[in-house]
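Per our numbering, residue -4 is the first one in the sequence shown, and the count goes up by one each step.
The C-beta atom is built at its ideal place from N, Cα and C for all residues, glycine as well.
Remember, predicted model here, so these are calculated numbers, not experimental data.
Here is the structure we will look at.
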Amino acid sequence: MPIKNRLADMKEEITGWRRHLHAHPELLFDVHQTAAFVVERLREFGVDDITTGIGRTGVVATIKGKTDTAGKVIGLRADMDALPITEATGLDYASTVPGKMHACGHDGHTAMLLGAAKYLAETRNFDGTAVLIFQPAEEGGGGGREMCADGMMDRWNIQEVYGMHNTPGLPVGQFAIRPGALLASSDEFEIVVTGKGGHAAAPHDAVDTTLVASQIVVSLHSIVSRNVDPIKRVVLTVGTFETDSVASNIIAHTARLCGTVRTLDPEYRALAEARVRRVAEDIASAYGATAQVIWTPGYPATINSETETQHAAEAALAVSGAVDDAVDPIMPSEDFAFMLEERPGAYIFLGNGDTAQCHHPAYNFDDEAIPAGSSWYAEMVERRMPAR
């Protein structure tokens, strides 16, 4: 059967877990109730080991197969945190926490991995060890980086690692993946331009930071069009432009720009930083001002290993009968990338159907995707560590 029968039978139970999590969202590393819920379920399932506090509030559990002749260890990851958004779904299990909601489906990811955990703990029809990774703070906190920094990969001897994200617009239960870069890196920059404030009637006695910053904005957008190979993908956006003046007759002494750069190629990530600094500093200097560039590295690109992508696609095909194994990369970022920097593995998209997009206040995870998602997690373990 494409969907594992036991997981199909568990759909309502897993849905109940998902809706409980949906009603009680938590942000970043402050996922104590969510982690406690996960631990309680894992204990009920009888997994072999549970460790809390990895990456501050992450949970790592292990399930041993019936045999362990080859010493194989496979990691499966789900994220737990929600977003600072006021929910607008009108659901009877909508968020009970003002200003917080599961608008990216992490409630679904966690519930599906719990479903796979229950199935694997019951059947243990594999040769090796499954490591279940419940991660905090994907939404901007770098929880994946923190779990890796705590030595997770070496401590549990994880040899391959796999993760999943729901995708609105892709039919429910279908999968999509590609080798190489699947999601972009995301870095932030702040540029503070300092000139010489003055009266609007005497611009010759001032250094106009509004003018300087405007020239910087225009020139920054030439980086993509003139420094990047046209068949590559780089997105540069200046999202904030503010000065220290709110009056119409004052030339501001300082101006501040904030933006992001997203790339699929590490080489262009480095190039973008260098060019942003050069453009800002040189243009400011040309006008008699100065520019301080503060570059904040974010998540690296999510780059799937070729062999592991094939394994993930084969498992998806076995589960759903429908997988796009050459989907176009997209420009959001994902901190599963940190785990893929430490171990070979793959990240896959699971269809969420015709729903609002992620991070929208009307978004909701489609529970009809649960059997396929839980089955894929379990299938990865049984395929990569087949029973002897």
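Return the Cβ separation of residue i and residue j in integer angstroms, given the expectation that the two are a contact with Cβ distance under 8 Å.
i      : j      : result
Ser280 : Ala111 : Contact flag wrong, Cβ pair sits at about 57 Å.
Ile172 : Val126 : Going by Cβ atoms, the distance from Ile172 to Val126 rounds to 21 Å, so no, they are not a contact pair.
Ile365 : Ala307 : Rounded, the Cβ-Cβ distance is 18 Å, inconsistent with contact.
Leu108 : Trp12  : Incorrect: roughly 10 Å between the Cβ atoms, too far for contact.
Ser180 : Pro295 : 5 Å
Ala284 : Val207 : 5 Å
Asn222 : Leu266 : 6 Å
Asp182 : Val241 : About 30 Å; that fails the 8 Å criterion.
Ala18  : Ile58  : About 28 Å; that fails the 8 Å criterion.
Ala382 : Lys113 : Not a contact, Cβ separation roughly 18 Å.
Asp203 : Ile246 : 5 Å
Ile278 : Ser217 : With 8 Å as the limit, Ile278 and Ser217 do not qualify as a contact, their Cβ atoms being about 11 Å apart.
Thr52  : Val26  : 5 Å
Met326 : Arg228 : 7 Å
If you follow the beta strand (DSSP E) that residue i is in, where does it begin and where does it stop?
i      : result
Thr238 : 229 to 238
Gln130 : 124 to 130
His248 : No beta strand (DSSP E) holds His248; DSSP gives it neither H nor E.
Pro161 : Here residue 161 turns out to be Asn, not Pro, going by the sequence shown. It spans 155 to 163 - the beta strand (DSSP E) in which Asn161 sits, taken as one unbroken run.
Val54  : 53 to 59
Gly48  : 44 to 49
Work out the CA separation of residue j and residue i for me, nearest whole Å.
i      : j       : result
Asp63  : Phe121  : 8 Å
Arg378 : Ala286  : 55 Å
Gln210 : Glu262  : 26 Å
Asp74  : Val288  : 32 Å
Ala351 : Asp76   : 19 Å
Ser328 : Leu16   : 23 Å
Met375 : Val54   : 20 Å
Thr291 : Lys(-1) : 44 Å
Gln230 : Ala65   : In the sequence as displayed, the identity of residue 230 is Val instead of Gln. Using only the alpha carbons, I get a separation of about 44 Å.
Ala410 : Gly316  : Residue 410 lies beyond the range of the chain shown here (-4 to 383); nothing can be said about it.
Tyr282 : Arg273  : 14 Å
Tyr157 : Leu71   : 5 Å
Lys6   : Asp361  : 12 Å
Ser300 : Leu312  : 18 Å
Phe24  : Thr105  : 15 Å
Val212 : Arg270  : 13 Å
Val309 : Glu303  : Reading the sequence as shown, one finds Glu at residue 309 and not Val. Cα to Cα, Glu309 sits roughly 10 Å from Glu303.
Ala321 : Pro198  : 56 Å
Gly138 : Gly340  : 18 Å
Leu335 : Glu39   : 30 Å
Arg338 : Met147  : 11 Å
Arg119 : Asp43   : 11 Å
Ser90  : Asn347  : 20 Å
Pro20  : Phe170  : 26 Å
Gln28  : Asp260  : 38 Å
Asn314 : Met142  : What sits at residue 314 in the sequence shown is Val, not Asn. So the alpha carbons of these two residues sit roughly 29 Å apart.
Ile49  : Asp149  : 13 Å
For the alpha helix (DSSP H) containing residue i, name the first residue and the last one.
i      : result
Asp224 : Where Asp224 is concerned, there is no enclosing alpha helix (DSSP H), given that its DSSP letter is neither H nor E.
Phe392 : In the structure as shown, the chain starts at -4 and stops at 383, and residue 392 therefore has no counterpart that could be examined.
Ile278 : 261 to 281
Ile365 : 365 to 379
Gln169 : Taken as a continuous stretch (DSSP letters only), Gln169 belongs to no alpha helix (DSSP H), as it is neither H nor E.
Ala147 : The sequence given here places Met at residue 147; Ala does not occur at that position. Start and end: 147 to 150.
Arg1   : 0 to 4
Phe40  : 27 to 40
Gly139 : 138 to 144
Leu23  : Looking at the DSSP string, Leu23 is not in any alpha helix (DSSP H), and its letter there is neither H nor E.
Ala242 : Careful: Ala242 lies outside any alpha helix (DSSP H) and carries neither H nor E.
Ala208 : 204 to 215
So with Cβ pairs under 8 Å, would you call residue i a contact of chain C?
i      : result
Glu268 : Here chain C cannot be found, since the structure has a single protein chain.
Taking only runs that begin and end inside the stretch 291 to 354, name each unbroken beta strand (DSSP E) of 3 or more residues, in chain order.
297 to 299, 340 to 348
Does the structure place the stretch 174 to 186 close enough to the stretch 240 to 258 that three or more beta carbon pairs sit under 8 Å?
yes
Pick out the complete beta strand (DSSP E) segments inside the stretch 62 to 115, 3 residues or longer, and give them in chain order.
68 to 74
Any chance the stretch 354 to 372 sits against the stretch 83 to 94, with 3 or more Cβ pairs inside 8 Å?
yes
Count Cβ pairs between the stretch 190 to 202 and the stretch 158 to 177 that sit closer than 8 Å; are there 3 or more?
no
Okay, do the stretch 31 to 40 and the stretch 131 to 138 touch, 3+ Cβ pairs below 8 Å being the bar?
no
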